[in-house]
Amino acid sequence: MATTFASQADLKEKRITFSRLSEHAYAFTAQGDPDSGVVVGDDGVLVVDAQPTPALAQALIERVLSVTDKPIRYVVLSNYHALRTLGASAYAGAQVVCSEATRELIVERGAQDYKSEVQRLPRLFQAADSIPGLTHPTLAFGDRLSLWLGKLQVDVMQVGRGCTKGDTVVWLPEERTLFAGDLVESRATPYVGDGHFKDWPQTLQKLRELRPAVLMPGRGEPLMDEGAIEQAIAATQAYVSELYEVVAASVAAGQTLKQAYDKAMATLQPRYGSWTIFEHTLPFNVARAWDEAQGLDHPRIWTTERDLEVWQSLVS
């Protein structure tokens, strides 16, 4: 029986890359760790995803200062997860923006997720003592919010459920540049522990309809042409759909959760096993698929105790 999560053994620091996506947009990546985005407008900067801790956020701020001295005016949260939100206090004076659904999730389960992610992903939270507490938005929106950085239009949109019920994307219509958050990954495994398997494909179709020329995923390298974008969207969709089909079939057959997990591992590992965090996410994804296949629409809250219970019962 496994007593530690797969990512607890991941202690090697990742190399940070800061690259230009389009005229006003930049990507902050770190070899499969959570990505962030930067938009530099006429009179200020918008950051997409705060990073897990203020200490890690400082590395992003240093990259911003390498290309502009304009102030960071907005920090947009693509979802409620701790590794996206808890670095926000580093951006002094910035408005923290998220969807109303994300705000609800922070209130409902943000504290539990904080403890859960610190336990699951210790390398990303080595500087957890720099976190002053949960990140709460100063500005929440319904379906869509247009922000203006001088003359540059930045659309912040909730297009549908996927990784969570509150997933938010950032779209630069003039440059056809999309920051997709964890709705799209690039050779990284989607986390669906708080997700909605059956809704995710329709949400991805809405992203396709934007026809982005450049897409920044939640994890992985920037996608700089339409072919690479479609490949990543299709691969994300295939993983989500295949996993759900396997688990739903196990539920229909009256099998146990452990049997569903073993079947999912055998089915998905040949195609997706090389993706970042594949082994780490699979137990949590299977547990959520199991619940959804039995009709539970609103995901159960992950606590440190539930994390261990699920991991130890499935991973042997």
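The opening residue of the sequence shown carries number 21 in our numbering; numbering runs sequentially from there. Heads up, the beta-carbon is just placed ideally off N, CA and C, and yes, glycines get one too.
Check: Alpha carbon of Ile321 to alpha carbon of Phe145, nearest angstrom; Outcome: 20 Å
Check: Span of the alpha helix (DSSP H), counted from its first residue to its last, around Trp331; Outcome: Thr324 to Leu334
Check: Beta-carbon proximity check, Arg308 vs Gly213, cutoff 8 Å; Outcome: yes
Check: Backbone CA spacing between Val116 and Ile297 [nearest angstrom]; Outcome: 28 Å
Check: Minimum C-alpha distance to Phe161 - residue among Asp149, Gln173 and Val179; Outcome: Val179
Check: Limits of the alpha helix (DSSP H) - the one that Met285 falls within; Outcome: Leu277 to Tyr292
Check: Helix, strand or coil at Gly57 according to DSSP, with G and I counted as helix; Outcome: strand
Check: Where Phe217 falls: helix, strand or coil (DSSP); Outcome: coil
Check: Among Ser261, Gly64 and Leu41, nearest to Gly57 - alpha-carbon criterion; Outcome: Leu41
Check: Burial state of Leu192, where buried means 16 or more other Cβ atoms lie within 10 Å; Outcome: buried
Check: Span of the alpha helix (DSSP H), counted from its first residue to its last, around Arg207; Outcome: Here Arg207 belongs to no alpha helix (DSSP H), and DSSP marks it neither H nor E.
Check: Element boundaries [beta strand (DSSP E), containing Phe38]; Outcome: Thr37 to Arg40
Check: Alpha-carbon spacing of Pro303 relative to Val95, whole angstroms; Outcome: 31 Å
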